[in-house]
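Chains as they are written, first to last, in my numbering: chain A, 82 to 184; chain B, 82 to 184.
We put the beta carbon where it would ideally sit given N, CA and C, even for glycine.
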DNA sequence: ACTATCTGTAAGCCATCACTTACCGTAAGT
DNA sequence: ACTTACGGTAAGTGATGGCTTACAGATAGT
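If you want it as structure tokens, here you go:
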């Protein structure tokens with residue numbers, strides 16, 4: 082449920098593909114697995130990881146499980162990244178000025 | 082140099098610790114390794130990964146190499162994440178309204 | 001009830017990767 | 001030139017994790 086899990090989840094290329102597919106809208110597991118180069122059980126395992134990271138949420142529709150992108154995990158991740166943004170820009174500016182002085 | 086590499090780089094807990102340490106400001110390799118539970122060569126290897134992802138940049142100061150947080154990789158990662166943000170919020174709103182209608 | 005569809009779980013295998021020790025190059029001081 | 005400090009690279013090892021097949025549970029239709 083924390084940003085660490087989101088990073089681990091999105092580091093895997095197959096999970097990223099699944100996640101990117103969900104950008105088109107909520108989808109069932111079987112449908113998600115269709116275009117992917119891995120088996121359907123593999124997709125289920127990946128969805129579990131994404132869900133535990135708070136990146137996707139699940140809802141039932143008959144025998145199907147519909148998955149969709151969840152803002153919770155995404156929000157935590159964005160928040161964590163923003164902690165570094167200001168520092169990064171400061172460093173960049175400091176480096177640029179340093180090079181200027183050398184001229 | 083793309084967002085994929087940033088995700089892989091930040092998925093490792095030790096690399097995250099190094100990255101978070103750099104938030105305090107630019108530091109040399111030896112100094113970075115001091116408080117960490119791994120050997121100095123391990124830190125070097127991690128820094129290489131972070132550098133190739135564009136998350137940190139390097140500059141030389143005598144025999145020392147100073148590392149600092151680089152906005153390039155961070156920016157690409159933020160940009161990629163933002164692609165999902167709007168979709169996530171829409172999904173969340175749609176789900177909330179669905180639950181309302183059930184009442 | 002029986003069947004077909006949809007999906008999660010278990011067990012096992014294999015590749016990747018984070019870590020260690022050992023080594024080498026380089027820069028600055030004496 | 002010699003020594004010391006700093007840090008990157010090579011090689012080898014062990015654990016993690018992503019994949020597969022096989023199986024089990026649950027739902028809807030006939």
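Endpoints, beta strand (DSSP E) assigned at residue 140 of chain B
As a working note, residue 140 of chain B is residue 59 in the second chain. Counting along the chain, the beta strand (DSSP E) containing residue 140 of chain B begins and ends at 137-142.
Assigned secondary structure, residue 184 of chain B (DSSP; H/G/I helix, E/B strand, else coil):
Along the second chain, read from residue 1 onward, the residue named residue 184 of chain B stands at position 103. Residue placement at residue 184 of chain B is poorly supported in this model, since its pLDDT is 44, which falls under 50; the coordinates still yield a value, given next. Note: residue 184 of chain B maps to coil in three-state DSSP.
Can you pull the chain B residues whose beta carbon is under 8 Å from the beta carbon of residue 104 of chain A, in chain order?
Reading the first chain from its first residue, position 23 is the one you call residue 104 of chain A. By Cβ distance, chain B contributes 164, 165 and 168.
Contacts that residue 107 of chain B makes with chain A (C-beta to C-beta distance below 7 Å)
For the purposes of this step, residue 107 of chain B is identified with residue 26 of the second chain, where counting begins at 1. Under the 7 Å cutoff, chain A gives 172.
Name, please, each residue of chain B whose Cβ falls closer than 7 Å to the Cβ of residue 150 of chain A.
Translated into positions along the first chain, residue 150 of chain A becomes position 69. Those are 165, 168, 169 and 172, listed as they occur along chain B.
Take residue 158 of chain B and list the residues in its own chain whose beta-carbon comes closer than 6 Å to its own, dropping the five residues that flank it on each side.
Stepping through the second chain from its first residue, residue 158 of chain B is reached at position 77. Cβ neighbours of residue 158 of chain B beyond the five flanking positions: 84 and 87.
Taking the alpha carbon of residue 110 of chain B as the point to measure from, which residue in B/163, B/132, B/152 and B/160 has its own alpha carbon closest?
Reading the second chain from its first residue, position 29 is the one you call residue 110 of chain B. Considering only alpha carbons, the answer is B/132.
Alpha carbon to alpha carbon, what distance is there between residue 105 of chain A and residue 141 of chain B?
As a position in the second chain, residue 141 of chain B is number 60, starting the count at 1. As a position in the first chain, residue 105 of chain A is number 24, starting the count at 1. Rounded to whole angstroms, residue 141 of chain B to residue 105 of chain A spans 46 Å at the Cα level.
With which residues is residue 108 of chain B paired in a DSSP beta bridge?
Start at 1 with the first residue of the second chain, and residue 108 of chain B comes out as number 27. Note: residue 108 of chain B sits in a beta bridge opposite B/148.
What does the alpha-carbon distance come out to for the pair residue 107 of chain A and residue 154 of chain B?
Here residue 107 of chain A refers to the residue found at position 26 when the first chain is read from its first residue. Here residue 154 of chain B refers to the residue found at position 73 when the second chain is read from its first residue. A direct Cα-Cα distance of roughly 29 Å separates residue 107 of chain A from residue 154 of chain B.
Count the C-beta pairs between the segment 87-100 of chain B and the segment 164-178 of chain B that are closer than 8 Å, then say yes if the count reaches three, no if not.
no
Which two residues bound the contiguous alpha helix (DSSP H) that contains residue 123 of chain B?
Translated into the one-based positions of the second chain, residue 123 of chain B becomes position 42. Start and end: 121-133.
Please list the terminal residues of the continuous alpha helix (DSSP H) segment that includes residue 103 of chain A.
Taking the first residue of the first chain as position 1, residue 103 of chain A is located at position 22. Secondary structure note for residue 103 of chain A: it is in no alpha helix (DSSP H), with a DSSP letter that is neither H nor E.
What are the boundary residues of the alpha helix (DSSP H) that includes residue 83 of chain A?
Taking the first residue of the first chain as position 1, residue 83 of chain A is located at position 2. Segment: none, residue 83 of chain A is in no alpha helix (DSSP H) and carries neither H nor E.
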